[in-house]
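Residue numbers (the UniProt record's numbering): 1 to 223.
We put the beta carbon where it would ideally sit given N, CA and C, even for glycine.
One structure below.
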């Protein structure tokens with residue numbers, strides 16, 4: 001008389017003892033009439049932030065609160081490509097997905113210039129670079145009535161509203177803005193100094209690439 005042996009899984013003949021807990025679990029899961037699948041317990045989700053980038057931004061913003069020495073506005077001081085510590089992360093690229101130009105009149109917060117106001121044209125690129133054209137409205141003898149030009153790297157902080165940080169070619173914090181609306185940058189500080197009144201830069205309908213800086217050494221933001 002031949003019979004078929006069927007191999008059972010381990011523990012098949014040794015079921016767990018009945019209890020009110022196991023009965024309640026089986027009833028809630030519907031084990032009596034359908035197959036119950038249990039998710040693996042090894043599933044893990046990484047919740048740790050990017051510590052290197054966070055520390056870099058915290059250091060910059062901390063220095064800004066204590067005041068930062070005004071940098072030299074001459075953008076041609078360095079030769080060769082310049083690597084800066086900040087790089088536009090994924091959040092910054094989402095905030096500025098394409099190059100945008102902002103413009104407005106700001107006070108001269110640098111005491112060395114001794115000017116009253118400056119017309120600023122700022123262009124942000126999604127690759128983490130920024131360019132600016134600064135025209136002083138009172139024809140300073142130092143500038144001979146000609147605008148000055150600056151460039152550097154920028155990054156964004158995921159706050160409410162978002163913050164945009166401009167770094168100069170040496171990696172110092174040049175300006176700090178809050179993006180209160182998609183078309184407006186509100187000045188938080190310039191060269192570590194906070195204005196007494198509210199000043200804003202407004203997005204322009206046409207892109208200004210500030211082509212006067214095309215012959216300057218290329219920046220490698222964050223590389």
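| Asked | Found |
| --- | --- |
| Residues of its chain near residue 76, where Cβ-Cβ distance is below 8 Å and the 5 sequence neighbours each way are ignored | A caution first: residue 76 carries a pLDDT of 40, below 50, which makes its placement in the model unreliable, though a value can still be read off. So the list reads 216, once near-sequence residues are dropped. |
| Contact belief for residue 126 with residue 96 at Cβ below 8 Å, rounded distance in angstroms | 5 Å |
| As assigned by DSSP and simplified to three states, the class of residue 93 | helix |
| For residue 150, three-class secondary structure by DSSP | strand |
| Residue 136 - containing beta strand (DSSP E), residue span | 129 to 136 |
| Identity of the residue in 162, 182, 183 nearest residue 176 by Cα | 162 |
| Buried versus exposed call for residue 170 [16 or more other C-beta atoms within 10 Å across all chains shown] | exposed |
| Residues bridged to residue 181 [DSSP beta-bridge criterion] | 184 |
| Distance between beta carbons of residue 101 and residue 121, contact taken as under 8 Å | 7 Å |
| Integer Cβ distance of residue 138 from residue 115, believed to fall under 8 Å | 5 Å |
| Between the CA atoms of residue 131 and residue 173 - distance to the nearest angstrom | 14 Å |
| Classification of residue 189 by the beta-carbon crowding that lies within 10 angstroms, buried from 16 upward | buried |
| Inter-residue CB distance, residue 155 and residue 192 (contact presumed, cutoff 8 Å) | Not quite, the Cβ-Cβ distance comes to about 17 Å (not below 8 Å), so this is no contact. |
| Contact belief for residue 150 with residue 134 at Cβ below 8 Å, rounded distance in angstroms | 7 Å |
| Neighbourhood of residue 186 by C-beta distance below 7 Å, restricted to the same chain and skipping five residues each side | 177, 178, 180, 198, 200 |
| Local Cβ density within 10 Å of residue 228, reported as buried at 16 or more and exposed below that | Look at the range of the chain in this structure, 1 to 223, and you will see that residue 228 is not part of it. |
| Rounded C-alpha distance that separates residue 107 from residue 210 | 21 Å |
| Where residue 70 sits in the DSSP three-state scheme | For residue 70, the predicted structure reports a pLDDT of 38, less than 50, and the residue's modelled location is therefore unreliable. A value from the coordinates is still provided. Reduced to three states, the DSSP call for residue 70 is coil. |
| Residue 221, enclosing beta strand (DSSP E) - first and last residue | 219 to 221 |
| Residue of 93, 90, 94, 103 minimising C-alpha distance to residue 183 | 103 |
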